[in-house]
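Just below is one structure, and these are the notes that go with it.
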């Protein structure tokens, strides 16, 4: 799985909305995910295929139905790789500031 594929998948607002819907209620079938969408069933299917290719959505077949589940692992990997890296520096700076202020007051 490529992190580029995850970023490309997350770049589209429709795909982010589909992920939000799965986060709210995991295990939906295509028909449920199409409800309230202003696009064809085929268009939603294409968006889901991109999310699956990026490993953001996993599917399980149950009889004739295909259930879609959110896979949050790639999003966590982005947080660890990109956001976490910047957060560590900010927290280190705040810790250093606190120590300096405490030393000045002592």
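Numbering (the working numbering), first residue to last: 2 to 107. We treat Cβ as the ideally placed atom computed from N, Cα and C, and that holds for glycine.
Query                                                                                             : Result
Residue 66 (DSSP reduced to helix, strand or coil)                                                : strand
Any non-hydrogen atom of the ligand ATP closer than 7 Å to residue 60 Cβ                          : Absence of the ligand ATP from the depicted structure is noted, as is the absence of any ligand whatsoever, leaving it without description.
N-terminal and C-terminal residue of the alpha helix (DSSP H) that residue 20 is part of          : 14-25
DSSP-derived helix/strand/coil call for residue 60                                                : strand
Stretch-stretch touch, CB-based, cutoff 8 Å, three pairs: the stretch 27-35 with the stretch 4-18 : no
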